[in-house]
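Residues 98 to 452 in my numbering are what the sequence shown lists, from first letter to last. Worksheet: one structure, shown below.
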Amino acid sequence: MVSLELRGLRKAWPSATIDVSLVAPAGSILAVAGPSGCGKSTMLRMAAGLVRPDGGRVAVGGTDVTAAEPRDRGIGMVFQDYALFPHLDVGGNVAYGLRPLRLGRAETARRVARLLAAVDLDGFERRRPHELSGGERQRVALARTLAVEPSVVLFDEPLSSLDASLRKRLRADIVDEQRRLGFTAVYVTHDLEEAMAIGDTLAVMVGGEVLQCDAPSEVWARPSSVEVALFMGSGPCLPIRRLEREGGTLWARTSGGRFPMPEGPEPDLASAPVVFFERSAAGPGGGTTGAEGSFEARCVRADFAGDAVDCLMDSAGDRFTLRFRRGEAPMEGGEASYSVPRGGLGVVSRSIRTP
98 MVSLELRGLR KAWPSATIDV SLVAPAGSIL AVAGPSGCGK STMLRMAAGL
148 VRPDGGRVAV GGTDVTAAEP RDRGIGMVFQ DYALFPHLDV GGNVAYGLRP
198 LRLGRAETAR RVARLLAAVD LDGFERRRPH ELSGGERQRV ALARTLAVEP
248 SVVLFDEPLS SLDASLRKRL RADIVDEQRR LGFTAVYVTH DLEEAMAIGD
298 TLAVMVGGEV LQCDAPSEVW ARPSSVEVAL FMGSGPCLPI RRLEREGGTL
348 WARTSGGRFP MPEGPEPDLA SAPVVFFERS AAGPGGGTTG AEGSFEARCV
398 RADFAGDAVD CLMDSAGDRF TLRFRRGEAP MEGGEASYSV PRGGLGVVSR
448 SIRTP
C-alpha cells in the first residue's frame, strides 16, 4: 500500500484557477466533496496524468510521477459513466486493461477470472454490459481498473447517475472492495452524505481550493470557515453584527438574538464572522440561564424528513434550517424563542482567498 500526494497542483484558466494540496494516506479512502464546477474532476485528471498541470507535484508512494505517462503512474481511474465497451463482453472489457502488458491468451484469461472473482463476478465473462445491473457494471469497471494492479484508484463520481437506494448499497460495496484489496483510493463526489459515509478522511473543495481536510465527523461538527459550514449544511450560520461585553462574558449580537462567545480569541468583525451551531442543537426557550445563546425566529416552512422535521426559519432576515423531532416542530408561521447551549456554539469566518 502506498500514499498519493498532491502538492501545489495547479491549473489556471482565464476565469478560474485550481490550486490543490492533498494527501491520501496508504490504504485509506480520501473523499473529496464540493459543489459542481469546483475543480474536483480536473484535480483527479491531473493526478492520473490525463490533464497536464501548470505547476505542482504528484507523488505515489513518495515517488514523483508528475512527468510520467498515465500508464506508468500506478494509478487507475473509474469514470463517472464506467466507460464500458458495449460491443465487448465482461471478459473483454476487463481484458482491455491488460493489453499494454502484452500477456498471452492463457495468462490473460487467468487474470480476468481472478479479477472477476475479486469483485464477486465469477462466471460473468460472457455477459454483455446491457445484461448487467448498475452495481455489476460498477464492479466490472473496478475490475478493469484493477487489471494493471494500480497502487491508487481514483473514483470520479461513479454513482452519480444511480437512484438513491442503489447508490447507498454500491458505496458500501466500494468500501468493502477497497478494504479487501487494500488499494489507496480518492473518491470525488458532490454528494455530501456519500462523501461522509465512504471517506476515512473528508476534504471539502470550494472554488478550486481545499478549504478543510479532516475526519468527516470533525468537518461536520467543526467547520473551519463559513464556506465549509455552508456547504456542509450542518447548521445555521448567523452573521455577527456587533460584540458586547457583559461582566466577564463576551456576547455576539446577530439580527435576531445574542450568543455567548466560546473560549478563544475575539473574532475580527472585518472577517465577517458568524455564529455556528448544529441544526438540531436549538431548543425552546429564551436562554434563561444566562449562559445560553438565544434568538427569536419564525417558521417559514416545515418539511417532513422521516423521523424528523426540517424547518426553514427566519430570524430578523437571517434564514436557516433547524431540525426538530417529530411532534416538537413549530407550526408554519409560528414565532417563538429558542436557545442553544453554550457548549454547542462555534464561531467561523470566511476563508481568506489569495488571487
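Backbone N, C-alpha and C fix where the C-beta goes; we use that ideal spot for every residue, glycine too.
For ALA326, the enclosing alpha helix (DSSP H) starts and ends at 323–329.
With 16 or more other CB atoms across the displayed protein chains lying within 10 angstroms of its CB, GLU102 is buried. The beta carbon of PRO370 lies closer than 6 Å to those of ILE337, PRO364, VAL444, SER446 in the same chain, with the five residues before and after it left out. In the structure shown, the three-state DSSP call for GLY131 is coil.
At a Cβ-Cβ threshold of 7 Å, VAL316 and LEU335 do not count as neighbours. Bridge partners of PHE392 according to DSSP: GLY354, TYR435. Under a 10 Å Cβ-count criterion, THR346 is classified as exposed, with fewer than 16 other Cβ atoms of the shown protein chains found around its own Cβ. DSSP, reduced to helix, strand and coil, places PRO226 within a helical segment of the structure shown.
Taking a C-beta distance under 7 Å as the contact criterion, VAL129 and MET302 qualify as a contact pair. Using a Cβ distance threshold of 7 Å, ALA379 and LEU327 do not count as a contacting pair.
DSSP lists VAL285 as the bridge partner or partners of ASP253.
By the beta-carbon neighbour count (other beta carbons within 10 angstroms, threshold 16), LEU198 is exposed. If you draw a 10 Å sphere on the C-beta of GLY146, you find 16 or more other C-beta atoms in it, and that means buried. The DSSP-derived three-state label of MET302 is strand. Collapsing the DSSP output to three states places ARG196 in a helix. In the three-state reduction of the DSSP assignment, LEU185 falls in the coil class, being assigned neither a helical nor a strand state. If you ignore the 5 residues before and after ARG154, its C-beta comes within less than 8 Å of the C-beta of GLU102, LEU103, ARG104, GLY105, LEU106, ASP161, THR163, all in its own chain and listed in chain order. Remark: C-beta atoms of LEU267 and LEU256 approach each other more closely than 7 Å.
With contacts defined by Cβ atoms closer than 7 Å, MET358 and ALA367 do not form a contacting pair. The Cβ atoms of SER100 and GLY171 lie no closer than 7 Å to each other.
Counting only residues of its own chain and dropping the five nearest sequence neighbours on each side, HIS227 has a CB closer than 8 Å to the CB of PRO183. Short of 6 Å from the beta carbon of ARG223, and not among the five residues preceding or following it, lie these beta carbons of its own chain, in chain order: ASP186.
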